[in-house]
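Down below is the structure, laid out as structure tokens.
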Amino acid sequence: MKKYMVKLLGGEKHQMLRISLFAIVVSLIFGVVVLLIIGNNPFASYLNLLQGSGLAPKRSYAGRKNMFTDFMNLLDALTPMIFASLAVTVALKGGLFNIGVSGMMLAAGFAATVTVGYSSLFAGAAKPLVLIIGIISGALVGALIGWLKYRFNINEVVSSIMLNYILMYVFTFFINSYYVDPVSRQSTNINDAARLTIVDFKAFGLKFDIPLAFPLAIIVAILIRFIMDKTTIGFEIKAVGLSRTAANYAGISIGRNIMLTMILSGALAGLAGVTYFCGYVGSIQPGVVPSMGFNAIAVALLGCSEPIGCIYASFLITIISNGSIYMSSQQGVEIEIADLITAFILIFSACSEYIRMYVSKAAMELNTAGEKKGGAQA
Amino acid sequence: MEGSEYIVEMKHITKRFPRIVANNDVSLSIKKGEIYALLGENGAGKSTIMSVLFGMYEPDEGEIYIRGEKVNITSPRQATKLGIGMVHQHFKLVSNYTVAENIILGSEPQNKLCGIIPHVDIKKANADIAALSEQYGLKVDPTSVISEVNVSTQQRVEILKMLYRDAEILIFDEPTAVLTPQEIEYLLEIIRGLRANGKTVIIITHKLEEIKAIADRCAILNHGRLIDVKDVKETSTSEMARLMVGREVSFTVDKTEAQPGGTVLKVENLTVCNELGLEAVKDVSFEIRSGEIFALAGVSGNGQNELADAIAGIKPVKKGRVLLNSRDITGMTIRERIEDGMAYIPEDRQKVGLVMGYSLKDNLAIKNYYNARFSNHKIIKEEAFEEHGDRLINAYDIRSSEGNKTIVRAMSGGNQQKAMIAREIDMNGKLIIFMQPTRGLDVGAISNVHKSIIAERDRGAAVLLISLELDEVMNCADTIGVIFDGRINKIAKASELSVNEVGEYMMGVSATGVSAKGGDAE
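Going down the list, the sequences are from chains A and D. Just so you know, the working numbering puts 71 at position 71 of the first sequence, and the rest follows in order with no gaps. Count along the second sequence from 1, add 1000, and you get the number used in the working numbering.
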């Protein structure tokens, strides 16, 4: 048993990745057990998740829809998730725990919706403007949290949770007072010109959504990785994240880097906000904060707090959440089962450090046993 | 071997870690009621073998006998049951608990309130501890809070913790590393008292004088192997040193007369506050010329940390000025001071001096990564980092498992210290502050550090050496300043002061009429 664990998860190369995969596989096995207990066919259920996400063909499709439609829908949901998990990742690198991604998303979504979303600007100007407003409003909220931290030493966890609520209630007030759609009880849908997702695009006899910002999400992830690993900006942020006292001693400005980290994190959360509210959804539901901002924390951890890891982790979690609706309709499985599987994955990925320790200890024991044999021969 | 004679017998103990054999077939036999010293360089395996005895590590091979019975010690809790106690190098105390609460923690005397509700009988604990401290001559106040007592008291609390649990075999891991000469004397007296009370004491150290002063027998370890066990009375310190290092070592530092030039650092009426807002450095003035080693002697906690941090720009200055090459740097940032040629080796390498989660190469470049040499338009030149790292690794013999990519946390303390010293010396600074540079280093490494301090002086740097080791001060200094209670109460040429005089000033005896303000270097 130990031997196989070591073989599977030991060594240095891609160890974190293999441990994440291990966490996922174990979680899926747990999911199988739960599905069996409640009397469902686990494999059919898992297949439904893939089918719902457009990764496997369904038995039948509605008119002008097929697997590709579902897959594009997956990408549409994936885009904000990548941005949100990158926001968490950047903050973690700087030693900060950004729980305020939800509030930042809301701020960005609201700002872009009321300024550009209801304007009559043409698409070529409106769409970039939505992105820019998203970046700026997210960054401003981030800057506020960073400033409170650096100037008054207010813990970023506390201030960002509080800001989530403050922003949510403020925007709820404005939406309910000025922008509410009497039928949906949400904010009025934004104009198509400003929307970052082209809805119901018709081509090849199909109807599907195009998330315009998806390529941007991939590019930004690569860019963040570059900044963090290859530039002095990342070198400073990580040094401050690892040890504030040592970074300060080495002449690195702590305040500047805390501000920078939170502004960067906020800007990414802002991008998540506009791609979610002005892309995937198209409107804002008053009275709630988007749960994606919290899921992003878990996704970032599953992605080993690495930008590229965030893409994979977002992909996986979005498959499960996006496919769960189809699973529930086909199998009669409660939609919450999908959340349960996600929760398993997160618990196991949170244990990754423990697994790593266990493996290295086991490897050591095996090594010594091997050496003993060798020694006896000599 | 007669089981009755030896209280502890460790037979053929081998303990391996990845890439290193910490103990290789080590056998120790310790008699009841003796003081047994374990001597060896950093990484010789002294702490490991004692951790095995205390149940923190399980040996890969070998057997342990306690009072003649074979035992299998798997946890410190079990070791405690067997009457083994250990005082670690870094104390394990709850800082906001009282002395008594710390001592009883885990084996609290209980009392039932109204015969039902159990609660800790702190009165009984206080009385017990007072009695215990009386019996062994360990002065503590059971009701004072740990964070408010000094290091040597904290150590006595650790000793009482063992005695409270009826330990008979007491292990001390480098107990004198944090103490002043006077405190060391007191501790040695305590240890003798423990022996008089029938306790067996095992002391891990690399200080030869202490072994000579108290130990009965001494086991010498080198590279994980037991070299020899010597009767201390019949062995000279130089013989022990030779066995420990594996070669002859000289205890004195070779240096020529100082050739001081112009003033590099000038500190004027400096007052600095500590974390609690109390004045830790009070109206201190002194100056250091280029080519001069100014050694600041003093008992730990008399403002040395605050003084060094204030000069380096880490702590704000309350009053006074700091001038570097006649330029007022009091309000400057840390980076500006580094760029002006100030190098600083802080006392706490793990918290301050190094980013423990960074690789060796990143740590070696952490003060100049932004220079054109290491980056271009903010883009890091990876090869430059590696080249720089490899050069320092070779020049300063920094050992690590994965070369320049080793994460510093995985390196030994001695090599971490070497890395920090290498980085700072390589900066070619005009002023170098050495704060406890040889703390935790072994004899061989210490003499290397002393050589580099003197080489820096001869290069023309001004050196501020802050040390708790009186020998180090006496050996290296051109000028000696003594700090007591935040004030420098004596500044004089090294040749004009004897060890005893410095020791007296360190204890605040300034009755000889020296003004508290401190004079110039005559």
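For glycine and all other residues, C-beta sits at the position ideal for the given N, C-alpha and C.
Put simply, the backbone Cα of H1119 (chain D) is about 47 Å away from that of I29 (chain A). For F201 (chain A), there is no enclosing alpha helix (DSSP H); the residue is part of the beta strand (DSSP E) that begins and ends at T197 to A203.
When only Cα atoms are considered, Y1065 (chain D) and K1161 (chain D) end up about 24 Å apart. By the rule that beta-carbons nearer than 8 Å mark a contact, G251 (chain A) touches chain D. Looking from the CA of F348 (chain A), the closest CA among A:R18, A:N73, A:M5 and A:A23 belongs to A:A23. Chain order gives no chain D residues near F97 (chain A), where near means a beta carbon separation below 8 Å; the closest approach is about 17 Å. Nearest to R1195 (chain D) by C-alpha distance, out of D:M1240, D:S1147, D:S1447 and D:G1137, is D:G1137.
Under the three-state reduction of DSSP output, L49 (chain A) falls in the helix class. In its chain, beyond the 5 residues on either side, V1272, C1273, N1274, G1303, E1306 and G1486 have a beta carbon closer than 7 Å to the beta carbon of A1280 (chain D). By the C-beta criterion, the stretch 1201–1210 of chain D is judged to be in contact with the stretch 1027–1044 of chain D, since at least 3 inter-stretch pairs fall below 8 Å.
Between the alpha carbons of R1335 (chain D) and Y1006 (chain D) lies a distance of about 59 Å. Residue-level contact by beta carbon holds for R1335 (chain D) and chain A, with a gap shorter than 8 Å. Within 10 angstroms of the beta-carbon of D1060 (chain D) lie 16 or more other beta-carbons, which makes it buried. Here L1082 (chain D) has I1066 as same chain residues with Cβ atoms under 6 Å from its own Cβ, once five neighbours each way along the sequence are excluded.
Q1110 (chain D) sits in a strand when the DSSP states are folded into three classes.
The continuous beta strand (DSSP E) containing S1027 (chain D) extends over residues I1020 to K1031. Shown here, E1287 (chain D) sits in a strand according to DSSP, grouped into three states. Taken atom to atom, the span from the alpha-carbon of I284 (chain A) to that of G273 (chain A) is near 10 Å.
Interface with chain A (8 Å Cβ-Cβ cutoff): S1144 (chain D) is excluded.
Taking a contact as a CB-CB distance under 8 Å, the pair M81 (chain A) and V359 (chain A) does not count as one, their CB atoms being some 30 Å apart. Bounds of any alpha helix (DSSP H) do not take in E1034 (chain D), whose DSSP letter is neither H nor E.
At a cut-off of 8 Å between beta-carbon atoms, A91 (chain A) makes no contact with chain D.
Under the three-state reduction of DSSP output, I1329 (chain D) falls in the coil class, being neither helix nor strand. Look at the beta carbons and you see the stretch 1408–1426 of chain D touching the stretch 1344–1355 of chain D: at least three pairs across the two are nearer than 8 Å. DSSP places F68 (chain A) within a helical segment (H, G or I) once states are collapsed to three. Sixteen is the threshold: when 16 or more other Cβ atoms of the shown chains lie within 10 Å of the Cβ of K1490 (chain D), as they do, the residue is buried.
In this chain, the alpha helix (DSSP H) harbouring G146 (chain A) covers A123 to F152. Of A:A338, A:M292 and A:S20, the smallest CA-CA separation from N164 (chain A) is found for A:M292.
Listed along the chain, the chain A residues whose CB falls inside 8 Å of the CB of V1352 (chain D) are T245, A246 and Y249. Contact check between the stretch 67–87 of chain A and the stretch 228–237 of chain A: fewer than three CB pairs, one atom from each, fall below 8 Å, which does not count as touching. Here M259 (chain A) is buried: its Cβ has 16 or more other Cβ atoms, across all protein chains shown, within 10 Å. Shown here, D1309 (chain D) sits in a helix according to DSSP, grouped into three states. Annotation: the continuous alpha helix (DSSP H) that includes K1361 (chain D) extends over L1360 to L1364.
The C-beta of G134 (chain A) has 16 or more other C-beta atoms within 10 Å across all chains shown, which makes the residue buried. Of all residues in the stretch 230–241 of chain A, only K230, T231, T232, I233, F235 and A239 come within less than 7 Å of chain D when Cβ atoms are compared, listed by chain position. Interface annotation, Y1057 (chain D): not in contact with chain A, CB-CB separation never under 8 Å.
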